[in-house]
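Numbering (our numbering), first residue to last: 3 to 370. Every residue, glycine too, gets a C-beta built ideally from N, C-alpha and C.
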Amino acid sequence: MLEKGRISSGDFLILVIIFTIGGAILTLPSALVTYAKQDGWIAYIIATVIGLCFIFLYNQLASLYPSMNYIEVNEKIFGRVIGKISGLLFLFYIYYLSSALLSEIGNFFTTQVLLDTPIQVIMILFLLTSLFGVRLGLEVICRTALIFFPWIIVLLFILFLFLIPDIKIENLQPMLEEGMKPILKGSYHSIAHPYIQLIFFLMITPYVNEKAEMKKNFYRGTILGGFVLFLVIIFSILVLGVDNTTRLTYPSYKLGMRISVGNFIERVEVIVAFIWIFTEYFKLTICYYGLALGLAQLLGLKDYKILLFPLAFLILTFAIYSHPDIIHYQNFVATTWTPFSLTIGVLLPLLLLVVDKIRKKLSASKRL
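This is the structure:
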């Protein structure tokens, strides 16, 4: 076994929450409200319910072979050749996600914070920091996340508390103005970001103690992380309005700029930036970890750490050259990312369950 570390079900819960929030907290409100307008919060509730169905699917897979991660389960059920092909498709999905996260980091810093800094410098520094975390292993990543998690919660509480005076209930009206079609369209586009991405945790489940509690915490982490994103979405609509939320690339960052308490506490967008940086870092780090671990298993290596520097170069290169600009990236997300995610994160896991069930029935009938 390449990973000898073990984490608790509580550590697993925190990782799921952070992973769910990471990335989506900045970009999801704009994407969702573009489709569903003032009913974006309804669309996200529907997406969350669908997301919990995905978690049920992933828990079923985790129960089949509790000591194996997703790459090993593919080979166990599909056989060596087809299993490796299926595992490679999954790893490409994680590879693209890792590169997309790094690209988001670079775009955010170079457009909002460090305007004159080359995007490559931001990406390299962030990726090196992530690499150090991956080298230290799963246990260290979880312990570090545990240290930062209370700060994330406190900063979120401060953000929402200070935004309450700026709420305008009329921004939610009229409800269901255009019926259910735009709501369902918004739900469809938001299930891939972040809920289908949670299939990644099948790379971690074998290393979690207390399996029964882990499954419950998978649901809890998804619900809690989803609730945070729901608050970000509804506050974006209530405070900024539909037009501003749709137009802005990072509406939740703009929320921090709107805060003003007695002309003393103003422009606390740094709160949103800190929350996003923490969650994005851990999401990138555990994706990077899963990519290295899975690829080492496919290649039959004894240590995944020898792959970290080559993978860092590949992730960085893909992040820089996969999309020429942020508009191209946004178009890809709007048109291609959801069907691609559904194929890798839903259809293939369903096929695994069906094939495993058929194989076990055939095996049982042969014994008779």
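C-alpha of ILE52 to C-alpha of ARG137: approximately 35 Å in a straight line. The beta carbon of GLU77 sits closer than 8 Å to those of GLY85, LYS86, GLY89, all from its chain and outside the five residues before and after it, given in chain order. As for any alpha helix (DSSP H) of minimum length 4 sitting wholly inside the stretch 272 to 352, the runs are 310 to 323, 328 to 334, 340 to 344, ordered along the chain.
Bridge pairing for ILE9: VAL210 [DSSP]. Spatial neighbours of ASP168 in its own chain (CB-CB distance under 7 Å, excluding positions within 5 residues in sequence) are listed in chain order as VAL241, ARG260. Between SER343 and GLU215, the C-beta spacing is not below 8 Å. Here MET70 carries a coil assignment [DSSP, helix/strand/coil].
Put simply, of PRO312, GLY302, ILE317 the residue whose alpha carbon is nearest the alpha carbon of ILE73 is GLY302. Assigned with DSSP and collapsed to three states, LEU178 falls in coil, not helix or strand.
In this structure, DSSP gives GLY81 a state outside helix and strand, which the three-state scheme calls coil.
Taken in chain order, no unbroken stretch of alpha helix (DSSP H) lies wholly in the stretch 188 to 235 with a span of 4 residues or more. Here VAL210 is near PHE14, since their CB atoms are less than 8 Å apart. Note that the stretch 21 to 40 touches the stretch 229 to 243; at least 3 beta-carbon pairs, one per stretch, sit closer than 8 Å. Secondary structure in the stretch 83 to 143: the alpha helix (DSSP H) runs of 4 residues or longer, each lying completely within the stretch, are 121 to 138 in chain order. Between the alpha carbons of PHE229 and ALA147 lies a gap of roughly 19 Å.
Taking the CA atoms as reference points, GLY258 sits about 25 Å from VAL18. Judged by pairs of C-beta atoms under 8 Å, the stretch 296 to 314 does not touch the stretch 330 to 343, as fewer than three such pairs exist. Following the DSSP letters along the chain, one finds SER254 inside the alpha helix (DSSP H) bounded by residues 253 to 260. Here SER132 really is in contact with LEU286; their C-beta atoms are around 5 Å apart, less than 8 Å. Residue nearest to SER100 within the set LEU163, ASP118, LEU161, GLY25 is GLY25 (criterion: CA-CA distance). The C-beta distance from ILE235 to TRP43 rounds to 6 Å, short enough to fall under 8 Å. Contact annotation: ILE277 and LEU130 have beta-carbon atoms that are not nearer than 8 Å. One thing to note: LEU200 has its Cβ no nearer than 8 Å to the Cβ of ASN71.
Taking C-beta atoms under 8 Å as the contact rule, ASN109 and ILE328 qualify, at a distance of about 5 Å. For THR112, same chain residues with a beta-carbon under 7 Å away, outside a window of 5 residues either side, are THR119, ILE121, ILE124 in chain order.
Rounded to the nearest angstrom, the gap between the Cα atoms of THR50 and ILE193 is 7 Å. Taking LEU140 as reference, the option from THR281, ARG8, GLN114, LEU300 with the minimal CA-CA separation is ARG8. PHE164 and PHE237 have their C-alpha atoms some 11 Å from each other.
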